[in-house]
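Protein sequences appear in the order of chains A and B. The numbering of the first sequence is our numbering, which starts it at 13 and goes up by one. The numbering of the second sequence is our numbering, which starts it at 13 and goes up by one. Glycine is no exception: its CB is placed at the ideal position from the N, C-alpha and C atoms. All values reported here derive from a predicted model rather than from experimental measurement. In what follows, a structure is listed as structure tokens, so that the remarks can point back to it.
Number of protein chains: 2
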Amino acid sequence: MVALGSHKTIAGGVTAALGFLASGVPAGLKKDGKLDLALIYSEEPASAAGAYTTNIVQAAPLELTRSRVAEGKAQAIIINAGNANACTGEKGLPDAREMARRAGELLNITEDYVLVASTGVIGVPLPVEKITSATPAATASLSKENHAAASQAIMTTDLVPKEYAVQLIIKDQIITIGGMAKGSGMIHPNMATMLSFITTDAAIDSETLQRALKQVVDLSFNMITVDGDTSTNDMVLVLANGLAGNEQIKADTEEYGLFCKGLLEVCTALAKMIARDGEGATKLIEVNVTGAPSQRDAAMAARSVTGSNLFKAAVFGRDANWGRILCALGYSGAKFDPTRPDIFIGDVQVARDGGAVEFDEDRAAALLAQDPVQIFVDLKSGDFSATAWGCDLTYDYVRINGSYRT
Amino acid sequence: MVALGSHKTIAGGVTAALGFLASGVPAGLKKDGKLDLALIYSEEPASAAGAYTTNIVQAAPLELTRSRVAEGKAQAIIINAGNANACTGEKGLPDAREMARRAGELLNITEDYVLVASTGVIGVPLPVEKITSATPAATASLSKENHAAASQAIMTTDLVPKEYAVQLIIKDQIITIGGMAKGSGMIHPNMATMLSFITTDAAIDSETLQRALKQVVDLSFNMITVDGDTSTNDMVLVLANGLAGNEQIKADTEEYGLFCKGLLEVCTALAKMIARDGEGATKLIEVNVTGAPSQRDAAMAARSVTGSNLFKAAVFGRDANWGRILCALGYSGAKFDPTRPDIFIGDVQVARDGGAVEFDEDRAAALLAQDPVQIFVDLKSGDFSATAWGCDLTYDYVRINGSYRT
């Protein structure tokens with residue numbers, strides 16, 4: 013088990029680590045000249061790792077990127093928002109490849125080192141010429157400062173850009189891990205649930221990096237849900253270029269543990285930002301489950317509560333309807349004795365041993381009005397725990413998704 | 013496979029069959045003196061069968077009823093709305109038993125022949141004395157006519173009562189099957205998704221009846237979803253009192269097939285009424301999947317589409333966003349080749365071979381404005397098919413569930 017450590021949080025997002033540059037430019041895929049094309053570039057070829065959607069309908073850029081990440085090295089990531097290049101038939105893969113080819117040509121690196129991600133509407137052919145036309149502007153504006161522009165360019169229905177970076181010391185060497193993410197709808201546990209790009213100057217081989225990412229994603233991005241929909245395009249990519257000059261991090265060492273903690277901090281912070289920015293959400297919901305008979309049971313239980321439409325609507329309405337929490341635990345698939353669970357909203361106990369207790373409704377309602385809302389569940393059926401994050405279900409979720417394409 | 017037959021639809025709901033009486037009275041569990049206590053009575057002991065929620069948190073009345081149905085015979089069902097008697101601790105089971113005891117006493121039948129169901133808020137102790145006080149009125153008003161009152165008394169957030177009955181001929185004998193149901197939120201496939209009570213005058217033993225019910229429930233009640241939440245209280249009960257005078261129906265005979273068709277027609281009609289009356293819904297959505305490699309894949313695919321919040325919100329907004337349909341198929345768990353599916357909204361083809369086709373957006377939007385909305389998916393990956401029903405996701409779903417208890 014990897015636990016969250018405390019590291020120095022710094023600014024800089026996806027370019028906080030040594031040797032990374034980024035940019036964000038308008039390519040005309042979004043309306044009104046908004047930024048919609050992002051580029052991330054490493055001055056040196058980097059170890060690459062990825063985690064991908066479990067949806068069997070997978071977008072063309074995901075297919076391309078997965079095969080390239082499997083080779084272990086990458087040096088750039090080009091990302092467009094506004095069109096997912098998913099379900100676009102035979103034209104999808106050539107279009108994704110063309111995005112990479114153009115970026116590689118302008119960056120003067122091999123095309124195989126360029127990864128591609130897309131997000132936006134499904135089933136509309138990618139206007140790839142708009143992207144290739146804007147790629148020179150994206151390469152020309154690569155800089156340390158433009159991490160912010162990059163984080164804006166990958167947004168779709170996101171209300172806020174999402175960036176986070178930390179510094180940690182591994183064997184007297186400063187290592188930086190930073191990243192950015194997008195996502196606010198079609199977010200659900202089961203791999204990677206949105207787009208996120210993480211960069212680090214740590215020296216670590218791609219196999220070890222892949223292992224660290226898998227471990228961390230299960231505790232962060234796979235523990236958030238907005239609406240139960242798992243997208244065709246979601247991925248988390250990590251590039252590690254080694255410019256920090258540390259001794260190569262080997263699996264199962266103390267250094268590996270420290271690195272994982274840093275990576276987990278970045279991924280958890282970004283995952284929570286995504287859940288908080290869930291379409292139409294007014295607040296982040298954090299569900300902590302303890303006392304589960306296994307790690308898997310703990311995770312299933314916590315995610316089931318954050319995924320319940322009924323519970324999410326009750327939180328929106330500040331209704332301390334704990335029965336819906338118990339109900340969601342019950343159909344989660346997690347094993348536990350239903351006559352045992354204690355449930356708390358913040359510090360107010362609302363259920364004991366799976367049944368009602370007297371509680372201060374006004375105080376519970378006040379806690380449900382806060383952001384974040386914290387729910388604690390003790391299943392009293394074992395020693396494992398997990399935390400999941402979600403958001404409330406609001407009128408605005410319906411409004412946003414009733415008219416996404418218009 | 014049981015297919016839907018065409019039978020004579022008749023009035024009378026849960027008392028349409030010979031020898032069944034019903035009533036609905038106010039017991040003071042709902043506000044404003046609304047009907048909230050229903051009673052169903054068979055003049056003769058009847059074969060009983062049941063299907064129950066898969067939630068591991070199960071309400072006390074469900075526990076009691078399950079054990080009594082397992083004995084094979086029952087003669088009455090007492091049902092209250094307004095309080096689910098779920099998560100009510102050690103008081104739950106005695107309260108459920110007391111409901112049955114009082115009804116049995118007044119009906120002058122053994123208490124073990126009385127089944128109990130409850131629906132409403134979870135985690136609040138059942139005010140059982142209100143129910144026992146109203147039980148004399150319920151028994152006194154038992155009649156053929158009061159099927160309508162009974163169907164109203166079991167409603168919670170339902171907007172309309174739900175009744176259906178058919179007559180069919182089995183070996184020159186008229187057999188009647190009728191029923192009522194309630195449910196509009198916390199509805200999701202995985203048995204039994206709501207309350208439904210079916211009565212028939214057919215002669216059939218309880219084991220064969222149980223088998224017929226299981227088969228039929230999988231194609232009807234288990235194919236509807238409103239919000240993905242599976243309740244603690246849901247059940248479908250069938251009583252068959254044999255008063256039609258037919259020769260006992262044996263499994264796997266032609267007569268059994270006819271009986272199953274009739275039962276399926278009643279269950280499907282009630283299931284669709286529940287989906288149509290989904291909390292806040294403005295329309296019924298019917299998703300027909302063909303070309304699946306197995307029955308299970310077909311059902312998973314169809315249910316996944318009806319369960320997608322994103323798709324449900326798109327239907328509400330009349331947005332022909334077929335990418336969300338394909339996406340939901342992709343994460344359904346069903347096996348299919350993602351480059352094959354054809355998708356139609358009504359008669360408008362919106363996707364071919366998993367990709368975009370040109371289509372008339374205005375006409376598609378007009379079809380999405382109709383009730384029901386019909387979606388046809390051909391996975392082109394096999395020979396199996398399934399139909400699932402759901403409803404759109406609207407502002408009112410959020411409103412209703414943001415303030416259920418208040």
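Nearest-angstrom Cβ-Cβ length linking residue i and residue j, presumed shorter than 8 Å
{"i": "ILE134/A", "j": "ALA98/A", "result": "5 Å"}
{"i": "PHE396/A", "j": "SER306/A", "result": "5 Å"}
{"i": "LEU221/A", "j": "ALA61/A", "result": "4 Å"}
{"i": "ASP213/B", "j": "ASN253/B", "result": "6 Å"}
{"i": "VAL369/B", "j": "CYS339/A", "result": "Incorrect: roughly 42 Å between the Cβ atoms, too far for contact."}
{"i": "ALA29/A", "j": "THR188/A", "result": "4 Å"}
{"i": "THR211/B", "j": "LEU275/B", "result": "Incorrect: roughly 11 Å between the Cβ atoms, too far for contact."}
{"i": "ILE22/B", "j": "PHE209/B", "result": "17 Å between Cβ atoms; not a contact."}
{"i": "ILE186/A", "j": "LEU270/A", "result": "Incorrect: roughly 12 Å between the Cβ atoms, too far for contact."}
{"i": "GLY190/B", "j": "GLY24/B", "result": "6 Å"}
{"i": "GLY48/B", "j": "ALA93/B", "result": "Checking the sequence shown, residue 48/B turns out to be Asp, not Gly. Contact flag correct, Cβ pair sits at about 5 Å."}
Beta-ladder partner(s) of residue i, from DSSP
{"i": "GLY190/B", "result": "ALA177/B and THR211/B"}
{"i": "LEU20/B", "result": "Checking the sequence shown, residue 20/B turns out to be Lys, not Leu. Paired residues: GLN179/B."}
{"i": "ARG364/A", "result": "GLY367/A"}
{"i": "TRP401/B", "result": "ILE236/B and GLU298/B"}
{"i": "SER320/A", "result": "Beta-bridge pairing links SER320/A to no other residue."}
{"i": "ASN95/B", "result": "THR131/B and VAL133/B"}
{"i": "SER7/B", "result": "Outside the shown range of chain B, which is 13 to 418, sits residue 7/B, and nothing can be said about it."}
{"i": "GLY254/A", "result": "BP columns for GLY254/A are empty, so no partner."}
{"i": "ALA287/B", "result": "Paired residue(s): none; ALA287/B is not in a bridge."}
{"i": "ILE357/A", "result": "VAL360/A and ILE387/A"}
{"i": "GLN185/A", "result": "ILE182/A"}
{"i": "ILE90/B", "result": "LEU51/B and VAL128/B"}
{"i": "SER393/B", "result": "Beta-bridge pairing links SER393/B to no other residue."}
{"i": "GLY36/A", "result": "ALA50/A"}
Neighbourhood of residue i by C-beta, 8 Å cutoff - its chain only, sequence neighbours within 5 removed
{"i": "ALA204/A", "result": "Here the model assigns ALA204/A a pLDDT of 32, short of 50, so the residue's position is not dependable, and the following value carries that caveat. So the qualifying residues of the chain are ALA63, TYR64, THR65, VAL229, PHE233, ASN234, ASP246, MET247 and VAL248."}
{"i": "ILE412/B", "result": "THR169, GLY197, GLU291 and GLY292"}
{"i": "LYS142/B", "result": "ALA39, GLY40 and LEU41"}
Residues of its chain near residue i, where Cβ-Cβ distance is below 6 Å and the 5 sequence neighbours each way are ignored
{"i": "PRO73/A", "result": "ASN97, ALA108, VAL128, ALA129 and SER130"}
{"i": "LYS324/B", "result": "ASP404 and LEU405"}
{"i": "ARG114/A", "result": "THR144 and THR147"}
{"i": "TYR268/A", "result": "ILE261"}
{"i": "ALA398/B", "result": "VAL301, ALA310, ALA311 and ALA314"}
{"i": "TYR409/B", "result": "GLU291 and GLY292"}
{"i": "SER344/A", "result": "MET312, ALA313 and SER316"}
7 Å CB neighbourhood of residue i in its chain, flanking five on each side removed
{"i": "ALA377/A", "result": "ARG330 and ALA332"}
{"i": "GLY31/B", "result": "SER54, GLU55, GLU56, ASP213, ASN253 and LEU255"}
{"i": "ALA293/A", "result": "CYS403, ASP404 and THR406"}
{"i": "LEU322/B", "result": "ARG336"}
{"i": "LYS43/B", "result": "none"}
{"i": "THR318/B", "result": "THR237, ILE297, VAL299, ALA400, TRP401 and GLY402"}
{"i": "GLY84/A", "result": "SER59, ALA60 and SER218"}
{"i": "VAL360/A", "result": "PHE371, ASP372, ARG375, ALA376 and LEU379"}
{"i": "ASP383/B", "result": "LYS295 and LEU296"}
{"i": "ILE357/B", "result": "ALA332, ALA376, LEU379, LEU380 and ILE387"}
{"i": "ASP349/A", "result": "SER393"}
Under 8 Å from the C-beta of residue i: neighbouring residues of chain D
{"i": "GLY402/A", "result": "Judged by its chain identifiers, the structure shown contains no chain D, and its protein chains are A and B."}
Proximal residues, the segment 77-108 of chain B versus chain A, C-beta separation under 9 Å: Within the segment 77-108 of chain B, the qualifying residues are ALA96, ALA98, CYS99, THR100, GLY101, GLU102, LYS103 and GLY104.
Against chain A: residues of the segment 252-280 of chain B by CB proximity under 9 Å: Per Cβ criterion, the list is empty.
Short-range partners of chain B found in the segment 307-335 of chain A, where Cβ spacing is below 7 Å: If the cut-off is 7 Å between Cβ atoms, the segment 307-335 of chain A has SER320, ASN321, LEU322, ALA325, ALA326, PHE328, GLY329, ASP331, ASN333, TRP334 and GLY335 near chain B.
Stretch pair the segment 93-113 of chain B + the segment 278-290 of chain B: three plus CB contacts closer than 8 Å: No: fewer than three Cβ pairs fall under 8 Å.
Segment contact flag, the segment 30-40 of chain A with the segment 142-160 of chain A, C-beta cutoff 8 Å, min 3 pairs: Yes: at least three Cβ pairs fall under 8 Å.
The segment 383-403 of chain B in contact with the segment 295-309 of chain B per 3-pair CB rule at 8 Å: Verdict: yes, contact present.
Cβ pair count under 8 Å reaching 3, the segment 353-364 of chain B against the segment 254-263 of chain B: Segments in contact, no.
Residues of the segment 117-141 of chain B with Cβ closer than 9 Å to any Cβ of chain A, in chain order: Listed by position along the chain: VAL133, ILE134, GLY135, VAL136 and PRO137.
Members of the segment 60-75 of chain B near chain A, C-beta cut-off 9 Å: So the list reads THR65, THR66, ASN67, ILE68, VAL69 and GLN70, given in the order they occur along the chain.
Short-range partners of chain B found in the segment 376-387 of chain A, where Cβ spacing is below 9 Å: When CB distances to chain B are screened at a threshold of 9 Å, not a single residue of the segment 376-387 of chain A falls below it.
Chain B contacts from the segment 355-368 of chain A (Cβ-Cβ distance under 8 Å): From the segment 355-368 of chain A, only ALA363, ASP365, GLY366, GLY367 and ALA368 have a Cβ closer than 8 Å to chain B.
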